[in-house]
Amino acid sequence: MLDDFFIRAIVAGAGVALVTGPLGCFIVWRRLAYFGDTLSHAALLGVAIAFLLQIDVMLAVFSVSVVVAVALLFLQRRAGLSADALLGLLSHSALALGLVALAFMTWVRIDLMGLLFGDILAVSKSDIAIIYAGGAFVLAVLAMIWNSLFAATVNPELAEAEGMKPDRANFIFMLLLAVVVAIAMKIVGVLLITALLIIPAATARRFAGGPELMALFASLAGVLAVVGGLFGSLQWDTPSGPTIVVAALILFLVSLLPVAALAGAGGKAGASGKEGRTP
Amino acid sequence: MLQSPQSLVRLEQAGVLRAGRWLVRDVDLDVQRGEIVTLIGPNGSGKSTTARMALGIVAPSEGTAKRAVNLRVGYVPQKVAVDWTLPLTVDRFMTLTNPLSRAQKEAALQSTGIAHMAKAEVRNLSGGEFQRALLARAIARKPDLLVLDEPVQGVDFSGEIALYELIARIRDDMHCGILLISHDLHVVMAATDRVICLNGHVCCHGTPQAVAESAEYKQLFGARGAAQLAVYRHHHDHTHLPDGRVRHADGTVTGHCHPDDGHHHEHDHHHDGENEKGDTRNAR
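The listed protein sequences correspond, in order, to chains A and B.
First residue of the first sequence: 77, per the numbering used here; consecutive thereafter.
First residue of the second sequence: 1318, per the numbering used here; consecutive thereafter.
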């Protein structure tokens, strides 16, 4: 079954989406969208370092992401800059450094478009193995820290006072994000990873009655976007990474329709477009 | 280790320095099992900072903060902002830091009077309802130490009395220590075991009885006619400078407060910035 490149792409993309859903919920709740961007931009620097030192690309991307996350924590305490200014500084510096470093290595010929936008149609069986092993690990760790991370999201001081160790949970969460960026880079590319984190979570918000349900719905929305996007790219011969993001966006827009809210309540969804708007 | 076996939390000469300014300094505070300690003082006097030192959220820059081993804390922070992107019902909020049975959740929500709101989203609650949810969540944990930072803000007047009665009852039933922060003493007075008045440092402290025996207090106490409605205000005659020194009413500046510094407990003085609220209370 996995011999067909298209099936492999769907399986790999769904694996990534299952993991980005719950993590993306925390990104949305904690307003960390720009942080996700920063990590993924730093990934390009990781690629350059991997070529320079002849080490595994995923390992290098993960390491650089961790360094950037720690640098952010450190700078937030020391420098007198706001978090968003620091993130912008780190994000684009890392991206620019990566591009410059790659340009210097004239002996390296790499597919820059593939890095920026991903190449999901080129995933191998071993890539799938890494995605599912890594994804299962990330989800298992997330389940372990879920309660303290969630308590820290609602109110860090309350979590700290009642013994939930929010700092530890926050740090582990950053490591998990770094893992996901390293894994997902090949699928959607560094420029679109954040989209897969945020858009499914935003889509799920409308339907979820609780945080755990929202995480589950975000995973499902992500898988739907991957499947829809891949079929779309096959149909219209469009680049697969961006098409997946477009599919996610369409799902989000559908979730905004009043019909969608009524469907959850079991009403006559089809005929109630206008009724949905009246309170 | 703490010296007293019943002592839940103890601050000794504790202070917090931020950006060259002492938020609060020289605080001695001790909360024992089964007692209610009330912190009062004007805005910016270091009440919340003191509570956060006691909770271990903020480490003291000088002095010590010690907590009993395996201390179970219930905390009601002064401000909790729940992001609108977060789908959080009151029911889920109750189990934020520990699991609870359905019966435990219901009992706690019942006691604060919002059992009917269990399915409501937290961000849709009114200010008073949210305070009740915060309090319900904190007491459902069955804590050894309950720290309440202005727990009745936004609660209507009759609800306020009911919640203060509930807090006193919690102390009796659960035999926990309670550190209560209030910007004035008005209603808490009757249930409080000890009062600590802060204004950048500990200005005065003692049992409410000791305070109540002062002539000014008796006058007010009698006038109000009910222990639950005791009104207590006081006025500081010295100000604390950013460098920790103290400027007195006569213009002199010293390193510390004088023993005879005034904290007049008078009905004709107001807290700075709290006149409006004080007047409203009188009008009732």
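By construction, the Cβ of each residue, glycine as well, lies at the ideal position given by its N, Cα and C atoms.
CB contact below 8 Å: residue i versus chain A
i: LEU1413 (chain B); result: yes
i: ASP1461 (chain B); result: no
i: THR1429 (chain B); result: no
i: ILE1374 (chain B); result: yes
i: VAL1548 (chain B); result: In this predicted model, VAL1548 (chain B) has a pLDDT of only 37, less than 50, meaning its place in the structure is not dependable enough to derive any value.
i: THR1402 (chain B); result: yes
i: LEU1405 (chain B); result: yes
i: TYR1481 (chain B); result: no
i: PRO1394 (chain B); result: yes
i: ARG1409 (chain B); result: yes
i: VAL1399 (chain B); result: yes
i: VAL1390 (chain B); result: yes
i: VAL1348 (chain B); result: no
i: VAL1464 (chain B); result: yes
i: VAL1341 (chain B); result: no
Proximity below 8 Å, CB of residue i to CB of residue j
i: ALA323 (chain A); j: GLY304 (chain A); result: yes
i: VAL104 (chain A); j: THR1402 (chain B); result: yes
i: ALA1435 (chain B); j: ASP1408 (chain B); result: yes
i: ASP1466 (chain B); j: ILE1431 (chain B); result: no
i: ARG1354 (chain B); j: ASP1473 (chain B); result: According to the sequence displayed, residue 1354 (chain B) carries Val and not Arg. No, they are not a contact pair.
i: VAL1390 (chain B); j: LEU1417 (chain B); result: no
i: LEU148 (chain A); j: LEU163 (chain A); result: yes
i: LEU166 (chain A); j: VAL266 (chain A); result: no
i: LEU332 (chain A); j: LEU300 (chain A); result: no
i: GLU238 (chain A); j: ILE1374 (chain B); result: no
Cut-off 6 Å between Cβ atoms - residues of its own chain near residue i, not counting five sequence neighbours on either side
i: PHE82 (chain A); result: none
i: LEU171 (chain A); result: HIS117 and LEU120
i: GLY1542 (chain B); result: Caution applies to GLY1542 (chain B), whose pLDDT of 38 falls short of 50 and renders its modelled position unreliable; the value that the coordinates give is listed next. There are no such residues.
i: ALA1437 (chain B); result: VAL1407
Nonlocal neighbours in the same chain, by C-beta distance under 7 Å from residue i, ignoring five residues either side
i: SER1378 (chain B); result: GLY1332, VAL1333 and LEU1334
i: ASN246 (chain A); result: ALA228
i: VAL1399 (chain B); result: LEU1405, VAL1439 and ARG1440
i: VAL1386 (chain B); result: none
i: VAL256 (chain A); result: VAL95, THR96, LEU99 and VAL214
i: GLY1337 (chain B); result: none
i: GLN1421 (chain B); result: ALA1457
i: LEU251 (chain A); result: VAL142
Where residue i falls, given that 16 or more other Cβ within 10 Å makes a residue buried
i: ASP363 (chain A); result: Because chain A in this structure spans residues 77 to 355, residue 363 (chain A) falls outside the shown range and cannot be described.
i: VAL330 (chain A); result: exposed
i: GLY122 (chain A); result: buried
i: TRP1339 (chain B); result: buried
i: ILE320 (chain A); result: buried
i: LEU1328 (chain B); result: buried
i: MET189 (chain A); result: exposed
i: MET220 (chain A); result: exposed
i: LEU1325 (chain B); result: buried
i: ASN1360 (chain B); result: exposed
Min CB distance residue i to chain B below 8 Å
i: LYS344 (chain A); result: Here the model assigns LYS344 (chain A) a pLDDT of 36, short of 50, so the residue's position is not dependable, and the following value carries that caveat. No, no contact with chain B.
i: MET290 (chain A); result: yes
i: MET220 (chain A); result: no
i: ASN246 (chain A); result: no
i: GLY285 (chain A); result: yes
i: ALA237 (chain A); result: yes
i: ARG153 (chain A); result: no
i: ALA271 (chain A); result: no
i: LEU234 (chain A); result: yes
i: ALA294 (chain A); result: no
i: ARG84 (chain A); result: no
i: ALA324 (chain A); result: no
i: ALA227 (chain A); result: yes
i: MET240 (chain A); result: yes
i: ARG281 (chain A); result: yes
i: TRP105 (chain A); result: yes
i: VAL230 (chain A); result: yes
Cutoff 8 Å; reference residue i; Cβ partners in own chain excluding five residues on either side
i: PRO318 (chain A); result: PHE193 and LEU268
i: ILE86 (chain A); result: VAL302, VAL303 and LEU306
i: MET181 (chain A); result: ALA124, PHE127 and LEU128
Alpha helix (DSSP H) runs contained entirely in the segment 1409-1433 of chain B, provided each spans 4 or more residues: Qualifying alpha helix (DSSP H) stretches, in chain order: 1419-1428.
Alpha helix (DSSP H) segments (min. 4 residues) lying fully within the segment 1350-1414 of chain B: Annotation note: the segment 1350-1414 of chain B contains the following uninterrupted alpha helix (DSSP H) runs of length 4 or greater, listed N- to C-terminal: 1364-1372 and 1407-1411.
Segments of 4+ residues assigned as alpha helix (DSSP H) that fall wholly inside the segment 284-338 of chain A: Segments of the alpha helix (DSSP H) lying fully in the segment 284-338 of chain A: 287-312 and 316-332.
Quick check for students: name the residue ranges of the alpha helix (DSSP H) that lie wholly in the segment 112-171 of chain A, counting only runs of 4 or more. Within the segment 112-171 of chain A, the complete alpha helix (DSSP H) runs of at least 4 residues are 133-154.
At 4 residues or longer, and completely inside the segment 165-204 of chain A: list those alpha helix (DSSP H) runs for me, N to C. The qualifying runs are 188-193.
In chain order, which alpha helix (DSSP H) runs of at least 4 residues are fully inside the segment 1448-1498 of chain B? Whole alpha helix (DSSP H) segments, 4+ residues: 1474-1491.
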